[in-house]
Amino acid sequence: MEKVNLEGIYLTPIKRILNPKGDILHALKKSEYSYQDFGEAYFSWINYNEIKGWKLHKEMTLNLVVPVGNVKFVISDGEGEFFETKIGENNYQRLTIKPQLYFAFQGIGKSNLIMNIASVEHNDNESISNPLEFLKYDWVK
Numbered sequence: 016m017e018k019v020n021l022e023g024i025y026l027t028p029i030k031r032i033l034n035p036k037g038d039i040l041h042a043l044k045k046s047e048y049s050y051q052d053f054g055e056a057y058f059s060w061i062n063y064n065e066i067k068g069w070k071l072h073k074e075m076t077l078n079l080v081v082p083v084g085n086v087k088f089v090i091s092d093g094e095g096e097f098f099e100t101k102i103g104e105n106n107y108q109r110l111t112i113k114p115q116l117y118f119a120f121q122g123i124g125k126s127n128l129i130m131n132i133a134s135v136e137h138n139d140n141e142s143i144s145n146p147l148e149f150l151k152y153d154w155v156k
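Using our numbering, you'd call the opening residue of the sequence shown number 16 and step up by one each time.
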């Protein structure tokens, strides 16, 4: 497991069961330590080399899984500390992000699908969105 330098972030290895007729990919179990509650689940595509963010959720815990492609996630406390990880087909894990942290993500595979199992239902007033320039992070490095 990667070392996480910000509180409120968990990287959890999850099972990918190989099957000659099609693999089975686990996502989240209620019994796992990072599970909070269930509000909704949704999928989001991110195109190659595109970047979405910065977003901060006030109440929502995100449980992010990338079953197709590979995505670079960057999380920040907004005070200059950053944590980055790449998850997806090449590193199948679940990334849990607790509320009050900023995050952004970049598609690094040809086609990238993200699933979020959120602890609360979507509410426009529950999150804050800012442009990429909001936090000084070098996406080219």
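Even for Gly, the Cβ is constructed at its ideal location relative to N, Cα and C.
In the region 100 to 126, which residue ranges form an unbroken beta strand (DSSP E) of at least 3 residues, counting only runs that do not cross its ends?
Counting only runs of 3 or more, we get 108 to 112, 117 to 122.
Reduced DSSP secondary structure (H/G/I, E/B, other) of Asn145:
If DSSP states are grouped into helix, strand and coil, Asn145 belongs with coil.
Buried or exposed for Val89, please, with buried defined as at least 16 other CB atoms from any protein chain shown within 10 angstroms of its CB.
With a threshold of 16 other beta carbon atoms within 10 Å, Val89 meets it and is buried.
Grab me the residues of Val7's own chain with a C-beta within less than 6 Å of its C-beta, minus the 5 sequence neighbours each way, in chain order.
Any property of residue 7 remains undetermined from this structure, which presents the chain solely from 16 to 156.
Cα-Cα separation between Lys156 and Asn20, rounded to whole angstroms:
Note on geometry: alpha-carbon atoms of Lys156 and Asn20 lie some 19 Å from one another.
Pairwise C-alpha distance: Gly95 and Met16
Low local confidence applies: a pLDDT of 43 at Met16 is under 50, so the model's placement there is unreliable, with the coordinate-based value given in what follows. In a straight line, the C-alpha of Met16 is about 23 Å away from that of Gly95.
State buried or exposed for Phe98, treating a residue as buried only when at least 16 other CB atoms are found within 10 Å of its CB.
Buried: at least 16 other Cβ atoms inside 10 Å.
Kindly indicate the opening and closing residues of the beta strand (DSSP E) around Lys67.
The continuous beta strand (DSSP E) containing Lys67 extends over residues 66 to 72.
Roughly how many angstroms separate the alpha carbons of Leu79 and Ser134, rounded to a whole number?
In a straight line, the C-alpha of Leu79 is about 11 Å away from that of Ser134.
Once you ignore the five residues that flank Ser91 on each side, which residues in its own chain have a CB closer than 6 Å to its CB?
In the same chain as Ser91, and ignoring 5 residues on each side of it, the C-beta atoms closer than 6 Å to its own belong to Phe97, Tyr117, Leu150, in chain order.
Please state whether the Cβ-Cβ distance between Thr76 and Glu47 is less than 8 Å.
In this structure, Thr76 lies away from Glu47, with their beta-carbon atoms at least 8 Å apart.
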